[in-house]
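Under our numbering, the first residue of the sequence shown carries the number 121, and numbering increases by one thereafter. Beta carbons are placed, not taken as given, at the ideal position from N, Cα and C, and that holds for glycine. All figures in this text were calculated on a predicted structure; none of them were measured in a lab.
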Amino acid sequence: MKKLFFGALALLAASTAAVALHLWLGDAGGVPVTAAEVTVCDVSETASCSGTLSASARESVRPAGACVIEQVWVRPGDEVEAGQLLFSYRLLTDDELRSRLWAIVAGEAEQNADEAAGDVLAAAAFYAANGRIPDWFKSFYLELPAALPRGGSALARAGIGGTVTGVAVSPGDEVSGVLPAVTLVASGALTARVDVPQQYLNRVAPGQRVNLSTTAVPGVYFPGEVTAVDREAHASGGLLAAGETAVGAEIRLDLEDGRLVPGLSVRADVFLRRWTGAAVIPYAAIRRQNGTYRVWVLEEDGTVSSRTVEAVYEYAEGVVAADGAAWTGVRVVTDPPEGLADGMRVSAGTAR
């Protein structure tokens, strides 16, 4: 009776093990896994940089010296051609300059305790009193070159064709000529000024192709080219933020596009290297062992074998192997279960 009991128990255990093994191996007779085919395509390594768009050329037009503005013929937003009249002005005479110097002394001497400024005011008072203003004082403090006669009228013209972005003067204004009266930005292709992160220092160079994008025009990439890279790096950050080192670079856009305007923040993906016909292996299939990348390859007979991946690059889509021909048509196991071994039979579904 005991033998019969233990025999039945053994038969039950064997049946349970057989059912469990069948469920584990699946209907196809192997360990159930998911698999994905390796993608073979062209892959580019890029350096992601951030920066701002600006006009390819900018001009600040100033009067030749201290003057009275007579006429202004442009407004912000106007399109002008090179040589077009912007404003006219009359240079102040020596007598007018002396009166302005006395006004400076009377109005500001008591309010400004700065030693250097005090020296300038003292000089202004001296020259205003004796009636002689030397050329070096005029040119340095009053921006007065000797190209035009005192009291003479002059015309200011645009040196470039473009758009008027700022007009800081009106008829009747007295200005020193130090600050711009009219600001222009050139028509045509824009330029991006970007910071190249420190991990890409010495790898970004003039002539490299670039894709630019901006949140102002989502989903669109604008082609360009690196035209210059600074010789010196600069640091950002401080006590409250992690310090970073970057080098400035200039990028010229190939096309004119009315959707892009100076001042927009942009992202620039600079193409550093390109692999033609490379293999892209999904991260879900990669196993890292002692610094080596390996995958389980699904063989034609329904078994798996382990293969090393000679990685040359990693990016969002996966690990890149340069020898794409060796991976053409290859299916790899994604999210491989524990216990796989070379030659083990599997039942593969398609990875989602």
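Spatial distance of residue i from residue j (CA atoms)
i: R178; j: S164; result: 34 angstroms
i: S180; j: S208; result: 15 angstroms
i: V453; j: T154; result: 6 angstroms
i: T172; j: F391; result: 19 angstroms
i: R451; j: P317; result: 37 angstroms
i: A156; j: P402; result: 8 angstroms
i: L205; j: R351; result: 39 angstroms
i: T412; j: V284; result: 59 angstroms
i: A336; j: G463; result: 54 angstroms
i: A274; j: C187; result: 10 angstroms
i: D198; j: G282; result: 8 angstroms
i: T423; j: A468; result: 10 angstroms
i: P456; j: V429; result: 16 angstroms
i: A301; j: R210; result: 14 angstroms
i: D374; j: R407; result: 42 angstroms
i: A312; j: L321; result: 18 angstroms
i: G397; j: A167; result: 21 angstroms
i: G279; j: G438; result: 52 angstroms
i: L384; j: P343; result: 16 angstroms
i: L212; j: G297; result: 11 angstroms
i: A202; j: V289; result: 20 angstroms
i: A431; j: V417; result: 16 angstroms
i: S425; j: V158; result: 15 angstroms
i: V400; j: R394; result: 13 angstroms
i: V194; j: R182; result: 14 angstroms
i: E376; j: A442; result: 36 angstroms
i: A293; j: L217; result: According to the sequence displayed, residue 293 carries Asp and not Ala. Going from the Cα of D293 to the Cα of L217 covers about 15 angstroms.
i: E420; j: R427; result: 15 angstroms
Assigned secondary structure, residue i (DSSP; H/G/I helix, E/B strand, else coil)
i: D315; result: strand
i: S176; result: coil
i: E201; result: coil
i: L75; result: Residue 75 lies beyond the residue range present for the chain, which begins at 121 and ends at 472; the question has no answer from this structure.
i: G171; result: strand
i: A445; result: helix
i: Y435; result: strand
i: F353; result: Checking the sequence shown, residue 353 turns out to be Ala, not Phe. DSSP places A353 in strand when its eight states are reduced to three.
i: T404; result: Just to set this straight, residue 404 is Ala in the shown sequence, not Thr. Correct three-state label for A404: helix.
i: Y320; result: helix
i: S467; result: strand
i: D389; result: strand
i: G368; result: strand
i: G397; result: strand
i: L145; result: Caution is warranted here: a pLDDT of 43 is assigned to L145, below 50, making its placement in the model unreliable, and the coordinate value is therefore given only provisionally. Helix.
i: R472; result: For R472, the predicted structure reports a pLDDT of 45, less than 50, and the residue's modelled location is therefore unreliable. A value from the coordinates is still provided. R472 falls in the coil class under three-state DSSP.
i: P183; result: coil
i: P326; result: coil
i: V152; result: Reading off the sequence, residue 152 comes out as Pro, not Val. P152: strand per DSSP, three-state reduction.
i: E419; result: coil
Assumed close pair residue i, residue j - CB separation to whole angstroms, cut-off 8 angstroms
i: P291; j: I371; result: About 41 angstroms separates the two Cβ atoms, so there is no contact after all.
i: V314; j: A404; result: That pair is no contact at about 33 angstroms.
i: S176; j: A306; result: 5 angstroms
i: V200; j: L304; result: 7 angstroms
i: P196; j: V295; result: Not quite, the Cβ-Cβ distance comes to about 18 angstroms (not below 8 angstroms), so this is no contact.
i: V466; j: V160; result: The pair is not a contact, with the Cβ atoms about 23 angstroms apart (cut-off 8 angstroms).
i: V346; j: V324; result: 6 angstroms
i: P326; j: A348; result: 6 angstroms
i: C169; j: A461; result: Actually they do not touch by this definition, with Cβ atoms about 46 angstroms apart.
Cβ-based burial, residue i [other Cβ within 10 Å; buried from 16]
i: A446; result: exposed
i: P338; result: exposed
i: L332; result: buried
i: A276; result: buried
i: V440; result: buried
i: G459; result: exposed
i: L334; result: For clarity, residue 334 is Thr in the given sequence; the question names Leu instead. Classification for T334: buried.
i: L299; result: exposed
i: G378; result: exposed
i: Q409; result: exposed
i: Q319; result: exposed
i: G185; result: buried
i: L241; result: Unreliable placement is indicated for L241, whose pLDDT of 49 sits below 50; the coordinate value is still reported in the next sentence. Burial call: buried.
i: V415; result: buried
i: V340; result: exposed
i: Q191; result: exposed
i: A366; result: buried
i: G449; result: exposed
Residue-level contact to chain D via CB, residue i, 8 angstroms cutoff
i: V381; result: Among the chains in the structure shown there is no chain D, since it carries only a single protein chain.
Problem - Length-filtered (3 minimum) beta strand (DSSP E) runs lying within the stretch 267-298 - result: Listed in chain order, they are 273-277 and 282-287.
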